[in-house]
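What follows is a short report on a single structure.
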Amino acid sequence: MVVIAAIGRNFSGREEVNTVMNWIYARNAAVAAFVAAAGLGAGFAVGADALTGFVTGRSRAAVLLYRPSFDHVKSVLMLNSQDELRRLAGYYALLQNRTLDADYLLARYREEQNPVTRRTILWIMGFVPDPSKAYASLESVYDDAPGIMQRQILRSLARVDPGSLDRFARDHLVDAGAAYESLESMYDNVPRATQRRIVRAIAHLAPGRLEQFAAAHGIDPAWLREP
301 MVVIAAIGRN
311 FSGREEVNTV
321 MNWIYARNAA
331 VAAFVAAAGL
341 GAGFAVGADA
351 LTGFVTGRSR
361 AAVLLYRPSF
371 DHVKSVLMLN
381 SQDELRRLAG
391 YYALLQNRTL
401 DADYLLARYR
411 EEQNPVTRRT
421 ILWIMGFVPD
431 PSKAYASLES
441 VYDDAPGIMQ
451 RQILRSLARV
461 DPGSLDRFAR
471 DHLVDAGAAY
481 ESLESMYDNV
491 PRATQRRIVR
501 AIAHLAPGRL
511 EQFAAAHGID
521 PAWLREP
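Under my numbering, the residues of the sequence shown are numbered 301 to 527, in order.
If you want it as structure tokens, here you go:
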């Protein structure tokens, strides 16, 4: 009986040790997972900013972190080329690589002389991830831009934030027809939430054309009356 009791205590002690060890392993695994997730998130944020700075010439920090990929180096070479077609391809490379900086694009727009290149830059500004910076950059060149550039600015503003066109129209001499065309040109290719914002913008900018717009795009009139 003494031997059996001793064996029982021995097994009981092992179970307690195993329970403690399992708890330690689980805690360490949770800590490791948290650290890995935090490091991965920070790495993405820092890496994206470093690449944008490297491509646009704002910073050379990327070379301290790792060797930049061939695509990013190629983008820099194209953007600094004397060949207009290569520079144009460089702007598209910025969009493809998602290294868009509103201030940099604004500076390049003012430097470029070719209308096609300038219009392309304005179009790309519509994809800048920071809507407030994109709005400020586009607004700063609107008043002095020729008509064709102004229409492209309106299209880019509509892509960045359809609701901003109403405010923009109040601050600038915006032709209601041009604003309407800019909104209509992108309506069918945006998510439903953005479509609703476009409809609201049209209701403010060109209320007389709202029914025409609804008929052209197969919009249920009841949907127009929803809040």
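Positions of the beta carbon are idealized from the N, C-alpha and C atoms, including for glycine. The structure displayed is predicted, hence computed values, not measured ones.
Residue i classed as buried or exposed, judged by whether at least 16 other C-beta atoms fall within 10 angstroms
| i | result |
| --- | --- |
| I448 | exposed |
| A434 | buried |
| L377 | exposed |
| Q452 | buried |
| V499 | buried |
| A522 | exposed |
| L385 | exposed |
| S375 | buried |
| R418 | buried |
Collapsed DSSP secondary structure at residue i in the structure displayed
| i | result |
| --- | --- |
| A445 | coil |
| S381 | coil |
| V474 | coil |
| R398 | coil |
| G518 | coil |
| A458 | helix |
| G508 | helix |
| V428 | coil |
| V499 | helix |
| Q452 | helix |
| E484 | helix |
| V490 | coil |
| G463 | coil |
| E439 | helix |
Assumed close pair residue i, residue j - CB separation to whole angstroms, cut-off 8 angstroms
| i | j | result |
| --- | --- | --- |
| S482 | L454 | 4 angstroms |
| V400 | V428 | Here residue 400 is Leu; the residue named in the question, Val, does not match the sequence. The pair is a contact, with the Cβ atoms about 5 angstroms apart (cut-off 8 angstroms). |
| R467 | M486 | Contact flag wrong, Cβ pair sits at about 18 angstroms. |
| R497 | G463 | 5 angstroms |
| L395 | I424 | 5 angstroms |
| V441 | Y409 | 7 angstroms |
*Check whether the region 475-488 touches the region 438-446, counting contact only when three or more Cβ pairs, one atom from each stretch, lie closer than 8 angstroms.*
no
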